[in-house]
Amino acid sequence: MIVLQVSLLILTLCLTLLNLVFTLGIARKVGRGAGVMPVPARDPQLSSSPGTPIGGFVATSTQGVTVSRNTLEFGTVFAFLSPGCEPCQEAMPAFISYAAMNKGTVVSVLSGAYGGDVMATLEALGPVLVEAPNGPVAKAFGVIGVPVFVTVGVGNVLATSSEIGPDSRITIPA
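So the sequence shown is numbered by our numbering: it starts at 931 and just counts up by one.
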């Protein structure tokens, strides 16, 4: 009788340890997202993902330049900004610096007009498109929030980031 009780106790202990191992394994997978790549909180997905085709659009810049899906050049960066957006205001100095270094390969898409000095600076760096929030250009790029910077590939989104500068994923491809 004692041997049977000891055997049942050892069996119960083994099953409890096995259950603990499985529980820890499951908790570890859940903690890592079970293989699903999380979107970093500092860089939420605010536009179409890389590889997504760019929708059709035609817009005229404040300088009278027509910009459309058919006129896009590989490596052009579209900056989607809004004058009333605090993160956009914080990103503006880095964007202007970036645009100055990559003049001619940047298009500013503004949901509302900025003040004279900012508009003049942006216009000197490349085409500036002003449209209503969720306008045709924003829709073509799947933009759902600002600021967002999108690098154009061959008819598709090459890269996207809510930041611009040396630490962002936005670069001008060689």
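A virtual CB, placed ideally from N, CA and C, is assigned to each residue, including glycine.
Next item on the list: From the DSSP output, in three-state form, read off M967 for me.
Entry: Position 37 of the sequence shown holds residue 967. Annotation note: pLDDT 37 at M967 (below 50); position unreliable, coordinate value reported separately. M967 falls in the coil class under three-state DSSP.
Item checked: Assigned exposure category for T1090 - 16 Cβ within 10 Å defines buried -> Here residue 1090 refers to the residue found at position 160 of the sequence shown. Flag for T1090 reads buried.
Note to self: Suppose only complete runs of 3+ residues qualify. What are the beta strand (DSSP E) ranges in the stretch 1019–1101, listed by chain order?
What the structure shows: 1036–1040, 1058–1060, 1078–1082 and 1087–1091
Item checked: Close-in-space but distant-in-sequence residues of the same chain around A1030 (CB under 8 Å, 5 per side omitted) -> Taking the first residue of the sequence shown as position 1, residue 1030 is located at position 100. Within the same chain, A1030 has close Cβ partners L1055.
Check: Helix, strand or coil for Q1013 per DSSP?
Finding: The residue labelled residue 1013 in the question sits at position 83 within the sequence shown. A small correction: the amino acid at residue 1013 is Pro; Gln does not occupy that position in the sequence shown. The answer is coil: DSSP assigns P1013 none of H, G, I, E or B.
Note to self: For a test of the three-state rule: what should DSSP assign to S937, helix, strand or coil?
What the structure shows: Within the sequence shown, numbered from 1, the residue matching residue 937 stands at position 7. Residue state, collapsed to three classes: helix.
Next item on the list: Check the DSSP bridge columns for S998 and list the partner residues they point to.
Entry: Locating residue 998 in the sequence shown gives position 68, counting from the first residue. In DSSP, S998 forms a bridge with V988.
Next item on the list: Compute the beta-carbon to beta-carbon distance between S1041 and P1063, rounded to the nearest angstrom, for a pair I have assumed lies under 8 Å.
Entry: Residue 1041 sits at position 111 when you count from the first residue of the sequence shown. Residue 1063 sits at position 133 when you count from the first residue of the sequence shown. Indeed, because the Cβ distance is near 4 Å, the residues count as touching under 8 Å.
Item checked: With 16 other Cβ atoms within 10 Å as the buried cut-off, status of V936 -> Within the sequence shown, the letter at position 6 stands for residue 936. Flag for V936 reads exposed.
Next item on the list: Would you check if the distance between the CB atom of P1077 and the CB atom of A1021 is smaller than 8 Å?
Entry: Position 147 of the sequence shown, counting from 1, holds the residue named residue 1077. Position 91 of the sequence shown, counting from 1, holds the residue named residue 1021. In this structure, A1021 lies closer than 8 Å to P1077 by Cβ.
Next item on the list: Grab me the residues of S998's own chain with a C-beta within less than 8 Å of its C-beta, minus the 5 sequence neighbours each way, in chain order.
Entry: Here the question's residue 998 lines up with position 68 in the sequence shown. These residues qualify, in order along the chain: G986, F987, V988 and A989.
Check: Going by the CB atoms, is the gap between L976 and V1073 shorter than 8 Å?
Finding: Counted from its first residue, the sequence shown places residue 1073 at position 143. Counted from its first residue, the sequence shown places residue 976 at position 46. Yes, the Cβ-Cβ distance between V1073 and L976 is below 8 Å.
Item checked: Reference V1084; option with closest CA among T1035, F1071 and G1005 -> Reading the sequence shown from its first residue, position 154 is the one you call residue 1084. Minimum Cα distance to V1084 is reached at G1005.
Notebook entry, point to check: Residues in its own chain within less than 8 Å of L943 by CB, not counting five upstream and five downstream?
Noted result: For the purposes of this step, residue 943 is identified with residue 13 of the sequence shown, where counting begins at 1. Around L943: no qualifying Cβ.
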